[in-house]
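Single-structure report; data block below.
Below, the structure written as structure tokens:
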């Protein structure tokens with residue numbers, strides 16, 4: 001199966017702790033890397049992950065709170081020192097370009113590659129990136145400032161050729177690509193062999209949704225329906241519900257509720273408040289609503305099956 | 306003895322490694338904390354150090370390369386979230402204020418304390434800070450951009466009272482402060498007892514010098530003469546001398562030479578290039594010139610005796 005992995009670089013929230021780095025993840029789809037959020041220390045964690053810096057061309061920033069973007073300058077500088085030449089694309093709320101440009105000019109003199117900013121409208125469900133492996137959509141969040149999550153939808157892969165049937169009908173090799181992509185085949189005697197007899201269907205396209213930071217918001221359910229993996233913030237436990245509402249964050253059981261209503265396959269919770277020494281209390285609360293829940297953790301990676 | 310410690314938060318150089326954080330140290334003098342440089346991740350390391358955030362009121366930035374200042378925004382934001390009200394003073398080359406101000410306005414809305422910038426002239430040996438415990442001087446460095454190190458000189462502490470002599474002469478308690486500070490004492494019969502008979506001298510004031518980043522530069526020797534601890538950058542080994550010159554850095558044996566000529570008591574080397582998996586080669590080179598050398602290391606702290 002083609003590679004589709006989610007690597008957690010940091011899953012803490014705004015205040016530093018001895019356990020967590022600030023928000024940052026890397027999605028690896030067929031060896032193309034997409035970074036989601038870039039909190040302070042993201043480049044250190046990326047180095048630790050052994051993922052190849054040169055495979056990362058797109059960074060998606062959910063919103064402009066420091067714990068989601070203060071690692072950008074360090075990463076951009078490091079890319080420059082490593083001799084990068086490929087364009088780096090940053091998809092983020094529009095204010096970021098104006099904020100970072102003077103710093104790029106001052107700290108990255110002689111930079112050998114372009115940093116290109118793409119403004120994301122945090123109010124819209126929109127396709128913000130597409131290539132032949134993946135389509136990425138924005139998911140509007142409800143937070144104290146403009147914010148959006150991201151939905152990664154894998155492109156369908158070609159059907160699998162049934163070698164036994166190809167041999168049986170003595171189909172020449174140069175026909176195989178068309179058959180993989182769905183064509184039927186006509187025998188020399190004129191008989192049509194339907195594609196379903198020559199191939200087995202490829203796995204259905206996998207989906208990953210990243211939803212952080214946000215207050216509990218049922219509006220997202222339709223868009224993330226049935227994803228293979230949902231990362232949802234769970235900053236607080238149920239006992240801190242008032243604080244969660246006030247700061248536009250979600251509790252662990254609310255994250256479980258979203259996962260359950262969206263019928264996702266697996267839920268990963270993260271963006272933990274610094275007040276929790278042991279996040280198992282959060283896990284227990286989420287699992288009470290949605291059993292197939294796991295805790296995010298630095299240096300964890302999940303393969304989407 | 307009064308507290309005078311140096312805590313290493315990060316001692317790597319520009320490129321991230323799995324071993325090192327970027328440059329940052331904290332000098333603790335009598336429970337007042339002074340940060341030197343603030344590379345990315347400094348606040349994480351400060352949290353790990355268990356030093357009290359509220360005791361830190363002054364940050365000294367040697368120069369405006371990212372690996373010495375990209376941690377500032379995170380630290381300032383965190384202080385704000387922790388409800389800080391005390392002024393925070395940042396002593397740095399003058400461009401920093403203009404660079405950081407728009408970020409402070411955007412990312413730290415509603416901040417409850419003042420961030421005050423003090424421009425340091427990197428060309429001058431000058432007193433840049435003074436209180437009743439310490440005087441801090443700038444040490445001009447030679448680097449690719451304006452840069453200065455820092456010399457911390459402890460203020461002399463009062464002499465120690467000799468309890469036996471106080472009892473012998475039956476000196477009243479309210480006279481002790483004056484005697485500690487050097488006064489002689491007159492007995493009721495008119496006899497003068499010289500201060501030397503009533504006290505033992507306090508320890509001589511201790512000194513710490515931070516010299517990074519810089520090419521080998523003998524001009525600093527006079528200013529750092531005899532310090533108790535010298536931190537000197539040693540980015541490269543002798544085999545990379547050409548690279549050291551080109552990038553305005555120092556080799557380990559050059560750092561040893563500076564320590565030896567300045568007759569310091571101890572040398573600590575740091576700011577290691579990412580190319581060295583094992584810095585013991587650097588240590589060996591420095592020790593060949595100046596035996597009392599140690600390697601800087603994250604979470605290490607040194608008490609000045």
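Chains as they are written, first to last, in my numbering: chain A, 1 to 305; chain S, 306 to 610.
Note that beta-carbon positions come from the ideal geometry of N, C-alpha and C, so glycine has one too.
Short check: CB of residue 150 (chain A) to CB of residue 302 (chain A), under 8 Å? no
Other residues of its chain near residue 348 (chain S): CB distance less than 7 Å, five sequence neighbours each side excluded: 376, 379, 380 and 383
Does the beta carbon of residue 244 (chain A) sit closer than 8 Å to a beta carbon anywhere in chain S? no
Which residue from S:438, S:505 and S:461 puts its Cα closest to that of residue 471 (chain S)? S:505
Out of curiosity, what's the CA-to-CA distance linking residue 571 (chain S) and residue 306 (chain S)? 19 Å
Using three-state DSSP, classify residue 51 (chain A) as helix, strand or coil. coil
Option nearest residue 58 (chain A) by Cα separation, candidates A:129, A:172 and A:232: A:129
Tell me, which residues are paired with residue 161 (chain A) by DSSP? A:199
Assign residue 98 (chain A) to buried or exposed, taking buried as 16 or more other Cβ atoms, counted over all protein chains shown, within 10 Å of its Cβ. exposed
Which residues of the stretch 46-60 of chain A have a Cβ closer than 7 Å to any Cβ of chain S? Give them in chain order. 47 and 48
Does the beta-carbon distance from residue 38 (chain A) to residue 69 (chain A) come in below 8 Å? yes
Which whole-angstrom value describes the C-beta separation of residue 447 (chain S) and residue 520 (chain S), a residue pair presumed to lie in contact below a C-beta threshold of 8 Å? 5 Å
Contact check, residue 85 (chain A) vs residue 353 (chain S), beta carbons under 8 Å: no
Would you say residue 66 (chain A) faces chain S, with C-beta separation under 8 Å as the test? yes
What are the residues in the stretch 407-437 of chain S lying within 7 Å of chain A by C-beta distance? 407, 408, 411 and 412
Using beta carbons (cut-off 8 Å, strictly below), is residue 376 (chain S) in contact with chain A? yes
Who are residue 397 (chain S)'s beta bridge partners in DSSP? S:424
Residue nearest to residue 269 (chain A) in terms of C-alpha spacing, selected from A:240, A:125, A:299 and A:229: A:229
Are any of the Cβ atoms in chain A nearer than 8 Å to that of residue 451 (chain S)? no
Beta strand (DSSP E) runs wholly inside the stretch 513-566 of chain S, at least 3 long, in chain order: 534-538
Give me, in chain order, the residues of the same chain whose beta-carbon lies closer than 6 Å to that of residue 111 (chain A); leave out the 5 immediate sequence neighbours on both sides. 80
Assess contact between the stretch 282-293 of chain A and the stretch 231-246 of chain A, defined as three or more Cβ pairs (one per stretch) separated by less than 8 Å. Is contact present? yes
Check the Cβ of residue 398 (chain S) against every Cβ in chain A and list those closer than 9 Å, keeping chain order. Neighbours of residue 398 (chain S) on chain A: none; closest Cβ ~11 Å, over 9 Å.
Counting only beta-carbon separations shorter than 8 Å, does residue 328 (chain S) have a partner in chain A? no
Once the 5 residues before and after residue 669 (chain S) are set aside, which same chain residues still bring their CB inside 7 Å of it? The question about residue 669 (chain S) has no answer here: the residues shown for chain S are numbered 306 through 610.
Taking just the CA atoms, how far does residue 16 (chain A) sit from residue 275 (chain A)? 10 Å
Beta-carbon neighbours of residue 348 (chain S), restricted to chain A and to distances below 7 Å: 16
Identify whether residue 299 (chain A) lies in helix, strand or coil by the three-state DSSP scheme. coil
Using a Cβ cut-off of 8 Å (strictly closer), state whether residue 183 (chain A) contacts chain S. no
Strictly below 7 Å CB to CB, what residues from chain S border residue 77 (chain A)? 371
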